[in-house]
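Here the structure is laid out as C-alpha cells; the discussion comes afterwards.
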Amino acid sequence: MAQIGKAPCDDTLILHGTGSEGACPDASKPWVLAAAIVGSSMAFIDGTVVNVALPAIQADLRATAFQAQWVVESYALLLAALLLVGGALGDHFGRRRMFAIGVGIFAIASVACGLSANVQQLIAARAAQGIGGALLVPGSLALISAAFPEKERGKAIGTWSGFSGITAAAGPVLGGFLVDHFSWAWAFLINVPMALLVMWIVWRHVPESHGSSATGGLDFFGALLATAGLGGIVYAFIEAPTQHWNSPAVLAALAIGIVGSAAFIAAERKARTPMLPLALLRIGNFSGANLLTLLLYAALGGGLYFFPLNLIQVQGYSATAAGAALLPFILIMFALSRWAGQLVDRFGPRLPLVIGPAIAAVGFALFAVPGVGASYWSGFFPAVVVLGFGMTVTVAPLTTTVMNAVGPEQAGVASGVNNAVSRAAAVLAIAVFGVVMAWAFDGALAESLRGIGASPQVSFFLEGERSKLAGAALPPGVDAATAATLKRAVADSFVAGFRWVMLLSAGLAVLSALSAWLMIGGGPAIERKGGG
1200 MAQIGKAPCD DTLILHGTGS EGACPDASKP WVLAAAIVGS SMAFIDGTVV NVALPAIQAD
1260 LRATAFQAQW VVESYALLLA ALLLVGGALG DHFGRRRMFA IGVGIFAIAS VACGLSANVQ
1320 QLIAARAAQG IGGALLVPGS LALISAAFPE KERGKAIGTW SGFSGITAAA GPVLGGFLVD
1380 HFSWAWAFLI NVPMALLVMW IVWRHVPESH GSSATGGLDF FGALLATAGL GGIVYAFIEA
1440 PTQHWNSPAV LAALAIGIVG SAAFIAAERK ARTPMLPLAL LRIGNFSGAN LLTLLLYAAL
1500 GGGLYFFPLN LIQVQGYSAT AAGAALLPFI LIMFALSRWA GQLVDRFGPR LPLVIGPAIA
1560 AVGFALFAVP GVGASYWSGF FPAVVVLGFG MTVTVAPLTT TVMNAVGPEQ AGVASGVNNA
1620 VSRAAAVLAI AVFGVVMAWA FDGALAESLR GIGASPQVSF FLEGERSKLA GAALPPGVDA
1680 ATAATLKRAV ADSFVAGFRW VMLLSAGLAV LSALSAWLMI GGGPAIERKG GG
C-alpha cells in the first residue's frame, strides 16, 4: 500500500520496533509526539465534553437519564470492543495510516453528532465516533513506542500524558461555554479543527511503522464476539432500571453478554492471530497492570460520569463552571506527569502503582462528603485535587509498565489491550453504577415524599419522572413552596445515589492498589516478555 503523504526525510522511512530504515528518524520524534498528543486529546476532550453537555442534551432532545447514558455508552462500547482490532490493524497495515484514518472517521462522526436532530441519531453518530477512536487511540501510543527507544519512552509517555491532559483541560471549559452561550452541538464540532491539525502533521512529518502482526491475519470474529459480550452486559444493566431484570429483553441481553464473553475467550485460544493474545496475560507485570487498569478506570469512569450531572442539575452550576471543575485535576497531571513518567525507572513499577491508586481512593471518598448547596472550594475542590494527584502518580507509570512489559514489536497490541481494558471498565462501571444510582435515588425519593406528606397525585407524577434522575420535572400547578420542597427532595435523592457511587469508586481504587501490590514486580528492572 502506498503511504499517506511523505515522511520528513525520505519516502521510504519505515520504523520497525526500535530500529529504523531511512534518514534522520530523530527529526521525526517531536512530530510523532505532537500528532499523538493532539490526536489522543480529541478522544479525551470528547469524553469530558459530552459529560458536561449531557444535561443540555437531555433537556433539548427530551431524553431520559438512561438514554443519556447511551449517548456515552454507544461511543465507549464500540471504542472498547474495537480497540484491540485497532491496535492490530495498525501493526498490520501501518500505525500511521490507521491512525490517520481513525482521526478522519472521528472528525466526520463529530460533525454528525453536532447535526443530530434526536437522541437516536446522536447515539448512532456517537457509535461511529467510537469506531474512529478505536483506530486513533491505540495508534497514538504505538507511534510513540516505535519512535522512541525504551530508555526515552517513559519520559515521552509522560510528556504525552501531561500535554494530552492540558489540551483536554481546555475542552470541557470551552465546551461548557459553547453549551451555555450557543448549543451543545458545538461541543462536538470543536473536534474538527483539531482533526485537521493532526492530519496535516501526519501527512507531512510522521513516519510509518509496523509491528510483529504485520504478516498475520486479523481477528474480526474475536471483535464480533467481544462486541456482543460487552454490549449484551451493558444493555442489560442500563435497561434493567426501566424494564426490570425479569424483562425478556434484559434477560436475553444478559445471556448474549455472558455467552459472547465466554465464546470470546474460547475463540482467542484457537485464533491464529488473536486480537487478545492470551500468552500476554502470563507476563506478570502486563496482567497485573491490566487488572489495576480494570479496577481503577471503572472507578474513574463510573464516578466521574455523575459528577457534572451533580454540579449542573443539583448544585446549579453552569456548564462552563462544571467544565472547569476538574481543571485542578488536569493541571496537576500536566505539571507532574513528566516527573511521574520517570518513577518506574527510579523505583520500579510496584511502588507508584500502589501509592497512586491508594491516594485516588481517598479522593473518591472525599467526593461523597458534600451535600446539596455545598461550596465548590470546601466541598469538591479537595476531592478533585487529591484524586488528581493520585491519578498523576498512577497513569504514566501504568502506561510505561504495560508498554515495556511486551516490547516494541507488540506495542500496538499491548496499547490496544490496555486501552480496551480501561474503556471496557468505564463502560461496565457506568452501566452498573447507573443501577446503583437508580436504586438509591428511587429509595431516597420515596422516603422523602413520605416524609413531606406528598399527595398521591404528586407521588404518581414523580414516579413517572424518576428515570430522569436529577433532571426530573416537577408536577404542574403546585405552589412555589411545594415546588421548592419537591426540588430539594429530588436533589437530596440524587446526592444519596452519588454518595453510593463515589464510595464504590473508592473501594475499587483500594482493590486496584492491592492488585498492584500482589501482582506487579517491585524492582526497578522492567519485566520483559515473561522475565522477572
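Residue numbering for the sequence shown follows this note's numbering, starting at 1200 and increasing by one per position. The beta-carbon is built from N, C-alpha and C at its ideal position, and this holds for glycine as well.
Exposure label - residue i; buried when at least 16 CB within 10 Å
i, result
"residue 1324", "buried"
"residue 1659", "exposed"
"residue 1393", "buried"
"residue 1667", "buried"
"residue 1440", "buried"
"residue 1291", "buried"
"residue 1272", "buried"
"residue 1381", "exposed"
"residue 1314", "exposed"
"residue 1621", "buried"
"residue 1404", "buried"
"residue 1703", "buried"
"residue 1345", "buried"
"residue 1456", "buried"
Residue i versus residue j - alpha carbon distance
i, j, result
"residue 1583", "residue 1525", "6 Å"
"residue 1517", "residue 1347", "42 Å"
"residue 1284", "residue 1643", "43 Å"
"residue 1228", "residue 1234", "10 Å"
"residue 1580", "residue 1423", "42 Å"
"residue 1448", "residue 1458", "15 Å"
"residue 1714", "residue 1681", "50 Å"
"residue 1635", "residue 1335", "33 Å"
"residue 1419", "residue 1278", "15 Å"
"residue 1339", "residue 1239", "6 Å"
"residue 1246", "residue 1646", "34 Å"
"residue 1541", "residue 1520", "34 Å"
"residue 1504", "residue 1629", "7 Å"
"residue 1511", "residue 1389", "21 Å"
"residue 1351", "residue 1343", "10 Å"
"residue 1688", "residue 1675", "16 Å"
"residue 1477", "residue 1461", "14 Å"
"residue 1716", "residue 1276", "30 Å"
"residue 1372", "residue 1244", "10 Å"
"residue 1327", "residue 1289", "19 Å"
"residue 1374", "residue 1651", "39 Å"
"residue 1480", "residue 1385", "42 Å"
"residue 1231", "residue 1401", "8 Å"
"residue 1241", "residue 1619", "17 Å"
"residue 1487", "residue 1472", "23 Å"
"residue 1578", "residue 1694", "13 Å"
"residue 1445", "residue 1310", "39 Å"
Identity of the residue in the options nearest residue i by Cα
i, options, result
"residue 1258", "1329, 1337 and 1378", "1378"
"residue 1670", "1262, 1250 and 1230", "1262"
"residue 1304", "1391, 1452, 1663 and 1613", "1391"
"residue 1708", "1399, 1446, 1270 and 1497", "1497"
"residue 1466", "1425, 1548, 1321 and 1717", "1425"
"residue 1719", "1604, 1622 and 1699", "1604"
"residue 1531", "1586, 1520 and 1510", "1586"
"residue 1560", "1429, 1439, 1706 and 1480", "1706"
"residue 1452", "1430, 1468 and 1441", "1430"
"residue 1664", "1462, 1678, 1649 and 1686", "1686"
"residue 1536", "1244, 1356 and 1328", "1356"
"residue 1482", "1576, 1511 and 1601", "1601"
"residue 1399", "1534, 1296, 1649 and 1578", "1296"
"residue 1616", "1593, 1281 and 1241", "1281"
"residue 1331", "1286, 1486, 1539 and 1371", "1286"
"residue 1376", "1469, 1446, 1266 and 1255", "1255"
"residue 1623", "1260, 1329, 1359 and 1294", "1329"
"residue 1557", "1545, 1589, 1538 and 1691", "1589"
Any C-beta of chain D under 9 Å from that of residue i
i, result
"residue 1305", "In the displayed structure, chain D is absent; only one protein chain is listed."
Under the three-state DSSP convention, the category residue i falls into
i, result
"residue 1223", "Low local confidence applies: a pLDDT of 36 at residue 1223 is under 50, so the model's placement there is unreliable, with the coordinate-based value given in what follows. Correct three-state label for residue 1223: coil."
"residue 1238", "helix"
(message) With three or more beta-carbon pairs closer than 8 Å as the criterion, would you say the stretch 1488-1505 touches the stretch 1432-1450?
(response) Flag = no, the stretch 1488-1505 and the stretch 1432-1450 do not touch.
(request) Specify whether the stretch 1561-1577 and the stretch 1690-1701 touch according to this definition: at least 3 beta carbon pairs, one from each stretch, less than 8 Å apart. (result) A contact exists between the stretch 1561-1577 and the stretch 1690-1701.
(request) Please determine if the stretch 1592-1601 and the stretch 1547-1558 are in contact, where contact requires at least 3 C-beta pairs separated by less than 8 Å. (result) The stretch 1592-1601 vs the stretch 1547-1558: in contact.
(request) Decide if the stretch 1293-1304 is in contact with the stretch 1245-1252; the criterion is three or more beta carbon pairs, one per stretch, under 8 Å apart. (result) Inter-segment contact for the stretch 1293-1304 and the stretch 1245-1252 is absent: fewer than three beta-carbon pairs are separated by less than 8 Å.
(message) Quick check: the stretch 1638-1656 against the stretch 1307-1326, are at least 3 beta-carbon pairs closer than 8 Å?
(response) With the rule of 3 Cβ pairs closer than 8 Å, the stretch 1307-1326 does not count as touching the stretch 1638-1656.
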